[in-house]
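In what follows, a structure is listed as structure tokens, so that the remarks can point back to it.
Protein chains: 2
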Amino acid sequence: MSCKIHAENSDSIIERCWPSGVKKTHQRIDIFLILYHSDEPLSAAEIFDKLNQKAPKEKYAFSTVYRNLLAFEKVGIVTKTTLSTEDNAVYELKKSSHKHYAVCTKCHRKIPIKTCPLHDISAAVKDSLPGFEITGHQLEILGICNECKNK
Amino acid sequence: MSCKIHAENSDSIIERCWPSGVKKTHQRIDIFLILYHSDEPLSAAEIFDKLNQKAPKEKYAFSTVYRNLLAFEKVGIVTKTTLSTEDNAVYELKKSSHKHYAVCTKCHRKIPIKTCPLHDISAAVKDSLPGFEITGHQLEILGICNECKNK
DNA sequence: TTGGTTGCAAAATGTTTGCATGACC
DNA sequence: GGTCATGCAAACATTTTGCAACCAA
Numbered sequence: 017m018s019c020k021i022h023a024e025n026s027d028s029i030i031e032r033c034w035p036s037g038v039k040k041t042h043q044r045i046d047i048f049l050i051l052y053h054s055d056e057p058l059s060a061a062e063i064f065d066k067l068n069q070k071a072p073k074e075k076y077a078f079s080t081v082y083r084n085l086l087a088f089e090k091v092g093i094v095t096k097t098t099l100s101t102e103d104n105a106v107y108e109l110k111k112s113s114h115k116h117y118a119v120c121t122k123c124h125r126k127i128p129i130k131t132c133p134l135h136d137i138s139a140a141v142k143d144s145l146p147g148f149e150i151t152g153h154q155l156e157i158l159g160i161c162n163e164c165k166n167k
Numbered sequence: 017m018s019c020k021i022h023a024e025n026s027d028s029i030i031e032r033c034w035p036s037g038v039k040k041t042h043q044r045i046d047i048f049l050i051l052y053h054s055d056e057p058l059s060a061a062e063i064f065d066k067l068n069q070k071a072p073k074e075k076y077a078f079s080t081v082y083r084n085l086l087a088f089e090k091v092g093i094v095t096k097t098t099l100s101t102e103d104n105a106v107y108e109l110k111k112s113s114h115k116h117y118a119v120c121t122k123c124h125r126k127i128p129i130k131t132c133p134l135h136d137i138s139a140a141v142k143d144s145l146p147g148f149e150i151t152g153h154q155l156e157i158l159g160i161c162n163e164c165k166n167k
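Protein chains in written order, with this note's numbering: chain A, 17 to 167; chain B, 17 to 167.
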């Protein structure tokens, strides 16, 4: 899944990225790595599926997934959002630079957008919202992706 | 609720705005008027509550709300979205110019933003998404509203 | 009159919680 | 060894569906 030429092994990713104050369990580590290697936000169900397809012998509970996503969110390394095309929540690791997605309204594919077109917009918005302290924003571009268009 | 100086009465709103091909029932009309007079997107539960507080003698079923919101969506006069701060879907009438909201992350107040800062951004985004046909976008500004800040 | 719409109840999702067992430090 | 995390099951919330009675055209 990783796009790096020299794939970093899981141990060193964990060593480098693990949040302090969070006990390591193999379930947590597995969930973290799935998020780490995904280039799009995942639903709890998608994470659950990936867990079980990676290690069918292991047992994972749905509640474990939810509880750990919440735990990660609390220590600030995971963001929970809801895309406007879906009814359920999706989760992703907070990256140094935040991300936006182009969402295909047909296949629901989520394509990360490299640039954030909003950095200098905040000021303009600020004028129309006196007193409102902007802490962030969420942007989705909706449309039909290349693959769906050619069907 | 209406901000107009000469409040338009319900009958003429319905006569002017009712979508063709949709049978009129008093439940549908009530739901439509609630959406019409709201300046923020509403959840199915909020619409249901408003229905029953407006006319406590009448009976409305939750399923009626959902079915009619879907019916309105199908004929293209209602938009269903999910705000990133909430888990459930919200609905609003499509207005001639679409709207964005500033969402307070504390009280979840939704403040409509007058301008859409994205019209000329689409082009810039288009470059980074070859083949992706942009049909729309969804933007939320997150932050703390004036009221919450002064608590 | 007749087909679409409603209310009710039940099912289907998605998410959260209680509790006893089990694993990490 | 004590504490916190897990699995399981049950609770909960939101949304969808089946069906008989009902209403608008």
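Glycine residues also receive a C-beta, built at the ideal position from the N, C-alpha and C atoms.
Just so you know, these numbers come straight off a predicted model, no measurement behind them.
For V91(A), which three-state DSSP category applies?
Stepping through the first sequence from its first residue, residue 91(A) is reached at position 75. Note: V91(A) maps to coil in three-state DSSP.
Does the CB of L86(A) have a neighbour CB from chain B at under 8 Å?
For this step, residue 86(A) is matched to residue 70 along the first sequence. Output row for L86(A): interface = no.
Under 8 Å between C-beta atoms, does I160(B) make it to chain A?
The count along the second sequence starts at 1 and reaches residue 160(B) at position 144. I160(B) counts as touching chain A.
Is L51(A) helix, strand or coil when you go by DSSP?
The count along the first sequence starts at 1 and reaches residue 51(A) at position 35. It is helical.
Does the distance from the CB of E56(A) to the CB of Q154(B) come in under 8 Å?
Position 40 of the first sequence holds residue 56(A). Position 138 of the second sequence holds residue 154(B). Result no, Cβ atoms of E56(A) and Q154(B) do not sit closer than 8 Å.
With distances taken from CA atoms, which of C161(A), F78(A) and A60(A) is nearest V119(A)?
Within the first sequence, the letter at position 103 stands for residue 119(A). The candidate whose alpha carbon is nearest that of V119(A) is C161(A).
Buried or exposed: S100(B), going by 16 or more other Cβ atoms within 10 Å of its Cβ?
Sequence index remark: in the second sequence, residue 100(B) carries index 84 (1-based). Classification for S100(B): buried.
Compare the C-beta of E149(B) against all C-beta atoms of chain A and say whether one is closer than 8 Å.
By 1-based counting over the second sequence, the position of residue 149(B) is 133. Yes, its Cβ sits closer than 8 Å to a Cβ of chain A.
Please state if the CB of L67(B) and the CB of I50(B) are separated by a distance shorter than 8 Å.
Position 34 of the second sequence, counted from the first residue, corresponds to residue 50(B). Position 51 of the second sequence, counted from the first residue, corresponds to residue 67(B). Inclusion of I50(B) and L67(B) in the CB contact set at 8 Å is warranted, their separation being smaller than that value.
Shortest alpha-carbon distance to I47(A) belongs to which of G159(A), A105(A), E163(A) and L109(A)?
For the purposes of this step, residue 47(A) is taken as residue 31 along the first sequence, with counting starting at 1. For the residues G159(A), A105(A), E163(A) and L109(A), the minimum Cα distance to I47(A) belongs to L109(A).
Under a Cβ-count criterion, where at least 16 other Cβ atoms within 10 Å of its own Cβ denotes burial, should K90(A) be classed as buried or exposed?
For the purposes of this step, residue 90(A) is taken as residue 74 along the first sequence, with counting starting at 1. Exposed, since its Cβ has fewer than 16 Cβ neighbours within 10 Å.
Taking CB distances under 8 Å as the criterion, tell me whether I157(B) reaches chain A.
Numbered from 1 along the second sequence, position 141 holds the residue referred to as residue 157(B). So yes, I157(B) belongs to the interface.
Checking the sheet assignment: what are the DSSP bridge partners for S59(A)?
Mapped onto the first sequence, residue 59(A) falls at position 43. S59(A) is bridged to V106(A).
Just reading off the alpha helix (DSSP H) that C161(A) is part of, what are its end residues?
The residue given as residue 161(A) occupies position 145 in the first sequence. Run containing C161(A): none; DSSP gives neither H nor E here.
For A105(B), which option in H53(B), K39(B) and A61(B) has the closest C-alpha, if you only look at C-alpha atoms?
One-based indexing of the second sequence puts residue 105(B) at position 89. Here the closest residue by C-alpha is A61(B).
Under 6 Å Cβ to Cβ from V81(A), same chain only, skipping five residues before and after it: list those, please.
Counted from its first residue, the first sequence places residue 81(A) at position 65. The residues are A60, I63 and F64.
If you run the structure through DSSP and keep just helix, strand and coil, what is L99(A)?
Translated into the one-based positions of the first sequence, residue 99(A) becomes position 83. Looking at L99(A) - three-state DSSP - the assignment turns out to be coil, as it is neither helix nor strand.
Quick one: which chain B residues come within Cβ less than 8 Å of H153(A)?
On the first sequence, residue 153(A) is found 137 positions in, with the first residue counted as 1. The answer, in chain order, is L155, E156, I157 and L158.
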